[in-house]
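A.B. asks:
Residue numbers (this note's numbering): 4 to 273.
Here is the structure:
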């Protein structure tokens, strides 16, 4: 596929209605309509982690079978905006539940990545089966690495491998439910993963208070390969921000500062 030189990404900083998928679908439909219907072009729509239910509590009770309600909603957005919709929701598969990030295309094709690092300070560790495979998305000529929330803390898992003199991916997308009490860590990790991997990083986090009393302030942001924040959402408020990522700027910086060619060799095992 011919590469699109500028990729436009919508960061959706949402206040998630607790365990109420239909209310979240209605709310997001209006929120995105107000923000994007007059926008000339959006290539990717990025939603928070478990955007349809919120994160925590009895996660098994709100898990869906694959290709049901959340998938149908994501597909409707993808077709409405001719964009890749990237979001996680809980999926039941046999006796397991996965926190599964999906990327859904307008033609109804899709892929997924199961969260590898289930969160040790919540019930997710006991309820959700961790994924064992990394993933790579190719969309409009860009190579994209997906991640979910706690994954962001683990640089080896997200390491941008060097293949010859080229890097494996150009953009890291992370959807999250990251509490306000650790908001400085969230922002620092977005910048760190961008700098060390020579990529754009876009992270979307929720706002509001969840069903178990945790407060979220969002701090959704796009960071460039130098670690500079190039777009952000106002903390504590719902918002949709659109950022344009320039591929030529990324290539010029990698050529000028080819730090990846001096990277340590490593082996990743799970």
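For every residue, glycine included, the Cβ atom is placed at its ideal position computed from N, Cα and C.
What are the start and end residues of the beta strand (DSSP E) that includes residue 204?
C.D. replies: For the purposes of this step, residue 204 is identified with residue 201 of the chain shown, where counting begins at 1. Its beta strand (DSSP E) spans residues 203-208.
A.B. asks: Say whether the stretch 5-16 touches the stretch 239-257, bearing in mind that this needs 3 or more beta-carbon pairs closer than 8 Å, one atom from each stretch.
C.D. replies: With a cut-off of 8 Å, the stretch 239-257 and the stretch 5-16 count as touching, because enough Cβ pairs lie within range.
A.B. asks: Give the secondary structure of residue 189 by DSSP, where H, G and I count as helix, E and B as strand, and everything else as coil.
C.D. replies: Here residue 189 corresponds to residue number 186 of the chain shown, with the count starting at 1. Note: residue 189 maps to helix in three-state DSSP.
A.B. asks: Three Cβ pairs or more, each shorter than 8 Å: is that satisfied between the stretch 153-163 and the stretch 76-92?
C.D. replies: No, they do not touch.
A.B. asks: So, are the CB atoms of residue 39 and residue 207 less than 8 Å apart?
C.D. replies: Here residue 39 refers to the residue found at position 36 when the chain shown is read from its first residue. Here residue 207 refers to the residue found at position 204 when the chain shown is read from its first residue. No. Outside cutoff.
A.B. asks: Measure the alpha-carbon distance for residue 164 versus residue 137 and round it to whole angstroms.
C.D. replies: By one-based count along the chain shown, residue 164 stands at place 161. By one-based count along the chain shown, residue 137 stands at place 134. Going from the Cα of residue 164 to the Cα of residue 137 covers about 12 Å.
A.B. asks: What number of angstroms, rounded off, separates the C-alpha of residue 215 from the C-alpha of residue 125?
C.D. replies: Taking the chain shown and counting its residues from 1, the one referred to as residue 215 is at position 212. Taking the chain shown and counting its residues from 1, the one referred to as residue 125 is at position 122. Their Cα atoms are separated by approximately 11 Å.
A.B. asks: So is residue 112 buried or exposed if we call it buried at 16+ other beta carbons inside 10 Å?
C.D. replies: Locating residue 112 in the chain shown gives position 109, counting from the first residue. Residue 112 should be labelled exposed.
A.B. asks: With DSSP run on the structure shown, which of helix, strand or coil describes residue 211?
C.D. replies: Within the chain shown, the letter at position 208 stands for residue 211. In this structure, residue 211 counts as strand in the three-state DSSP scheme.
A.B. asks: What residue from 72, 188, 220 and 60 has the CA that sits closest to residue 128's CA?
C.D. replies: As a position in the chain shown, residue 128 is number 125, starting the count at 1. When each option's Cα is compared against that of residue 128, the closest is 60.
A.B. asks: Assign residue 182 to one of two classes, buried (16 or more other C-beta atoms within 10 Å of its C-beta) or exposed (fewer than that).
C.D. replies: Translated into the one-based positions of the chain shown, residue 182 becomes position 179. Residue 182 comes out buried.
A.B. asks: Spell out the partners DSSP gives residue 178 in its beta bridges.
C.D. replies: Counting from 1 along the chain shown, the entry for residue 178 is found at position 175. Answer is 151 and 207, bridged to residue 178.
A.B. asks: What do you reckon, are the CB atoms on residue 180 and residue 209 nearer than 8 Å?
C.D. replies: Numbered from its first residue, the chain shown carries residue 180 at position 177. Numbered from its first residue, the chain shown carries residue 209 at position 206. Cβ distance < 8 Å, so residue 180 and residue 209 count as in contact.
A.B. asks: Taking DSSP as the reference, what is the three-state secondary structure of residue 30?
C.D. replies: Here residue 30 refers to the residue found at position 27 of the chain shown. In the structure shown, residue 30 sits in a helix (DSSP, three-state: H, G or I).
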